[in-house]
Amino acid sequence: ISDFLSPAWIYNFGTPDKSWTGIHSRMTFDHAFHPVISGNKVCLGNSNDCKIYTLDRRTGEIVWTFYTDGPVRFAPVIWKNKLFAISDDGYLYCLSLNSGELIWKKSGGVKNDLILGNGRMISRWPVRGGIAIENDVLYFGAGIWPSEKIFIYALNPENGQELWHNDSCGEMYMPQPHPTAEAESGLSAQGYLTISGNKLLVPTGRAVPA
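If you want the numbering used here, it's the position in the sequence shown, counting the first as 1, plus 925.
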């Protein structure tokens, strides 16, 4: 047995397209590609070509790919032979883990408005609240500007049926970082959601989590 680790294969996806640069040093959630492994499959999203990839863990060869209409900045989530992924195009996708076939998708915004983001057209409500699944419930967040509304969803991951949503958490009148300043603000779901007991924790960009 060798005493040294060495690469079995390498697949070069290039440098990730970062959603925030410069002064946003606390917004580093997409500064690297985030793979997950299920059996002999390695799955990840690409923020450059807007595709979801599944590779063979043993060889590095592509098993299947799926195009979205925006950068894919977060790791997919695997649940019961399904792959879930989110995109800046404003959608949550449910795909077959085996074939990459679309099973269903869910829009995070209220309509199909597009804006310019990082030199490309993206949804006015990009999905940047990373997926969490617990007790057969899937959670994700859409929207990054409180003035445009923020949406937090709970879905049945089997069929995409909405269990509940919160569309008021981005409309809170509250103190701002500047002294004496108050304004309508609130959640800006950016980063991986997580669950602790009966609480859903939402990262909010450069602000504190909620």
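Think of the CB as a built atom: it goes at the ideal place given N, C-alpha and C, for glycine as much as any other residue.
For a quick check, are the C-beta atoms of residue i and residue j less than 8 Å apart?
{"i": "Gln1115", "j": "Ile1069", "result": "yes"}
{"i": "Ile1058", "j": "Ala1010", "result": "no"}
{"i": "Pro1001", "j": "Cys968", "result": "yes"}
{"i": "Asp994", "j": "Ser1021", "result": "no"}
{"i": "Leu1118", "j": "Thr1129", "result": "no"}
{"i": "Pro1134", "j": "Leu1126", "result": "yes"}
{"i": "Pro1082", "j": "Trp1004", "result": "yes"}
{"i": "His955", "j": "Ser963", "result": "This sequence places Asp at residue 955; His is not what is there. No, these two residues do not count as a Cβ contact at 8 Å."}
Ignore the nearest five residues each way along the sequence and tell me which others in residue i's own chain have a CB closer than 7 Å to its CB.
{"i": "Asn965", "result": "Asp981, Arg982, Arg983"}
{"i": "Asp942", "result": "Ser972, Asn973, Pro996, Asn1043"}
{"i": "Gly939", "result": "Asn973"}
{"i": "His959", "result": "Leu969, Phe999, Ala1000"}
Starting from residue i, follow the beta strand (DSSP E) in both directions and report where the run begins and ends.
{"i": "Leu969", "result": "966-970"}
{"i": "Tyr992", "result": "987-992"}
{"i": "Val997", "result": "Note, Val997: premise wrong, no beta strand (DSSP E); not H, not E."}
{"i": "Ala1067", "result": "1062-1067"}
{"i": "Phe1076", "result": "1076-1080"}
{"i": "Thr1036", "result": "This sequence places Lys at residue 1036; Thr is not what is there. Note, Lys1036: premise wrong, no beta strand (DSSP E); not H, not E."}
{"i": "Cys1019", "result": "1016-1021"}
{"i": "Val961", "result": "961-963"}
{"i": "Met1046", "result": "1045-1048"}
{"i": "Leu1126", "result": "1124-1126"}
{"i": "Met1099", "result": "1097-1100"}
{"i": "Phe1009", "result": "1007-1011"}
{"i": "Trp1029", "result": "1027-1032"}
{"i": "Thr979", "result": "976-981"}
{"i": "His1103", "result": "Segment: none, His1103 is in no beta strand (DSSP E) and carries neither H nor E."}
{"i": "Ile935", "result": "Neither: Ile935 is in no beta strand (DSSP E) and is coded neither H nor E."}
{"i": "Leu1118", "result": "Counting along the chain, Leu1118 falls outside any beta strand (DSSP E), and DSSP gives it neither H nor E."}
{"i": "Ala1132", "result": "Neither: Ala1132 is in no beta strand (DSSP E) and is coded neither H nor E."}
{"i": "Gly1085", "result": "No beta strand (DSSP E) holds Gly1085; DSSP gives it neither H nor E."}
What residues in its chain sit with their C-beta under 6 Å from that of residue i, if we drop five residues either side in the sequence?
{"i": "Trp1050", "result": "Gly1015, Gly1033, Gly1034, Ala1067, Gly1068"}
{"i": "Tyr1018", "result": "Ala1010, Lys1030"}
{"i": "Asn1006", "result": "Leu1022"}
{"i": "Leu1063", "result": "Leu1080, Pro1082"}
Could you tell me how far apart the beta carbons of residue i and residue j are, in whole angstroms, since I believe they sit closer than 8 Å?
{"i": "Thr953", "j": "Gly1025", "result": "The pair is not a contact, with the Cβ atoms about 29 Å apart (cut-off 8 Å)."}
{"i": "Gly1095", "j": "Pro1071", "result": "4 Å"}
{"i": "Lys1074", "j": "Asp1092", "result": "6 Å"}
{"i": "Ser1048", "j": "Leu1039", "result": "6 Å"}
Any heavy atom of the ligand COA closer than 7 Å to the beta-carbon of residue i?
{"i": "Ile1069", "result": "With respect to small molecules bound, the structure shown includes none, and the ligand COA cannot be examined in it."}
Considering only residues of the same chain and omitting the five flanking positions on each side of residue i, which have a CB-CB separation below 8 Å?
{"i": "Gly934", "result": "It should be pointed out that residue 934 corresponds to Trp in this sequence rather than to Gly. Excluding residues within five positions, the ones whose Cβ falls inside 8 Å are Thr984, Gly985."}
{"i": "Glu1107", "result": "Tyr1098, Met1099, Pro1100, Gln1101"}
{"i": "Ala957", "result": "Pro941"}
{"i": "Val961", "result": "Val967, Cys968, Leu969, Ala1000, Pro1001, Val1002, Ile1003"}
{"i": "Asn1084", "result": "Trp1029"}
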